[in-house]
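Quick note: the sequence shown uses our numbering, first residue 60, plus one each step. Think of the CB as a built atom: it goes at the ideal place given N, C-alpha and C, for glycine as much as any other residue. Data first, discussion second: the structure below is written as C-alpha cells.
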Amino acid sequence: MGVNEILARSILQKSGIPGVSFVINPYTGCVHGCVYCYARFMKRFTGHAEPWGAFLDAKVNAPDLLKRQLENRKTPLTEEVFLSSVTDPYLPAEKQYQLTRRILEVLLEYQTPISILTKSELVLRDIDLLRQFKRCSVGLSMMTTDDAMASRFEPYASLPSQRIRALKTLKESGVYTYAFLSPYLPRVSNIEHLFEGLQGAIDEIGIEALNVRACNWAGVEKILKEHFPKLLPGYKQLARDDLYWDQLEQQAHYLIESYRLTFMGFFRH
Ligand code: SF4
60 MGVNEILARS ILQKSGIPGV SFVINPYTGC VHGCVYCYAR FMKRFTGHAE PWGAFLDAKV
120 NAPDLLKRQL ENRKTPLTEE VFLSSVTDPY LPAEKQYQLT RRILEVLLEY QTPISILTKS
180 ELVLRDIDLL RQFKRCSVGL SMMTTDDAMA SRFEPYASLP SQRIRALKTL KESGVYTYAF
240 LSPYLPRVSN IEHLFEGLQG AIDEIGIEAL NVRACNWAGV EKILKEHFPK LLPGYKQLAR
300 DDLYWDQLEQ QAHYLIESYR LTFMGFFRH
C-alpha cells in the first residue's frame with residue numbers, strides 16, 4: 060500500500076476527548092488493522108474511497124506547521140498534548156517519514172507536556188527525546204498478553220510481548236509508563252494475566268470496556284465467528300451487561316492496589 064503525502068492545514072488540534080486538551084495526529088488512517096478500531100468513523104472525513112486500514116496519508120508539513128502554531132501562541136502551552144487519537148503515531152511508515160519524531164523535537168523545544176499512546180515498539184527509537192521531557196508519559200495499549208490471540212484481533216501491530224518489553228525498556232530509562240487495556244474483550248481478555256504480564260513495566264493503568272455500540276461490532280464478530288465460535292452466542296449481550304463490568308471493575312481495583320499502580324480510570328460505554 061502506498062502512502063499519500065499531504066499538506067495539513069492544522070496539526071495541533073483541540074480535543075473533544077474527556078481529559079485530553081490537545082491532540083496531534085501525524086497521519087490520517089491507520090494500518091495496524093485492529094478489528095475493533097473505533098477510529099474507523101474517521102474515514103468519512105478523509106475523502107478516501109478505500110476501506111479504513113487500506114489508505115494512509117502522511118502529513119508531511121506537520122513538524123513545520125506545529126512550530127508555527129506554537130510560535131503564534133501568546134502563552135506557552137502547558138496542557139498535555141496527546142499523540143494520537145485517530146491513528147497510531149508509530150506506524151511502519153514512521154520509520155521513513157519520521158513525522159512523530161520531528162514533532163517530538165518541536166514539542167521538546169517548548170517543553171510541552173505530552174502523552175503518547177501506541178501499539179508499536181517503534182516508540183523505543185525516540186527514547187532519547189522522551190527522556191528529556193519534564194512531563195511525559197508513554198502508554199502501550201493492549202487487550203491481551205497472548206501473542207497468538209492478539210494477531211487475530213490486531214494483525215499488524217507489535218505483538219503484546221514486544222509491547223511489554225518496550226514498556227519495560229522505557230520505564231528502565233526513566234520514562235513514566237502506562238498500559239491502556241483497550242478494548243477489554245469479555246472472555247477474551249484476561250485481567251489477571253494482563254496485570255501479571257505488565258508487572259514491573261508500568262506506573263499507571265487504565266481499562267476501557269469494549270464498545271459494541273460503535274461501528275466496530277462487525278469486525279469483532281467476524282473474528283469471534285472464525286476463531287472463537289463458542290464465545291459468540293450471547294457475546295453482545297455480555298458486553299452490555301452492567302453486572303459483568305461492575306465485577307470486573309471491582310477486580311481491577313483489587314489488582315491495582317496489589318500491584319501498587321496509579322489508576323487512570325475504568326472507561327465504560
Ligand atoms: S492502532 Fe488504534 S487507530 Fe490503528 S487500527 Fe488499531 S485501534 Fe485503530
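query, result
"Span separating the alpha-carbon of L142 from that of F81", "9 Å"
"Boundaries (first-last residue) of the beta strand (DSSP E) holding D116", "116-118"
"Three-state secondary structure (DSSP) of Q191", "coil"
"Delimiting residues of the alpha helix (DSSP H) encompassing G293", "That residue, G293, is in no alpha helix (DSSP H); it is neither H nor E in DSSP."
"Integer-rounded CB distance, given that D206 should sit under 8 Å from Y235", "So it is not a contact: roughly 26 Å between Cβ atoms."
"Rounded C-alpha distance that separates H91 from M208", "15 Å"
"For P242, three-class secondary structure by DSSP", "strand"
"Close beta carbons around E414, own chain, < 8 Å, minus the five adjacent residues each side", "Any property of residue 414 remains undetermined from this structure, which presents the chain solely from 60 to 328."
"Any non-hydrogen atom of the ligand SF4 closer than 7 Å to A98 Cβ", "yes"
"Cβ pair count under 8 Å reaching 3, the region 162-169 against the region 118-131", "yes"
"Contact check, I186 vs L150, beta carbons under 8 Å", "no"
"Endpoints, alpha helix (DSSP H) assigned at E153", "152-156"
"Best match in L136, E109, E255, L290 for proximity to Q72 [C-alpha to C-alpha]", "L136"
"Where Y313 falls, given that 16 or more other Cβ within 10 Å makes a residue buried", "exposed"
"Distance between G61 and Q155 (C-alpha atoms, nearest Å)", "13 Å"
"Check whether T171 and V140 have beta carbons under 8 Å apart", "yes"
"Same chain, Cβ closer than 6 Å to G265, five either side skipped, listed in chain order", "F239, M323, G324"
"Spatial neighbours of Q258 in its chain, beta-carbon cut-off 8 Å, leaving aside the 5 residues before and after", "Y318"
"Sequence-distant residues of its chain with Cβ nearer than 7 Å to R299 (five each side left out)", "V271"
"Simplified DSSP state of L218, which is helix, strand or coil", "coil"
"Backbone secondary structure at T159 - three-state DSSP", "helix"
"Distance CB(P245)-CB(L297) smaller than 8 Å", "yes"
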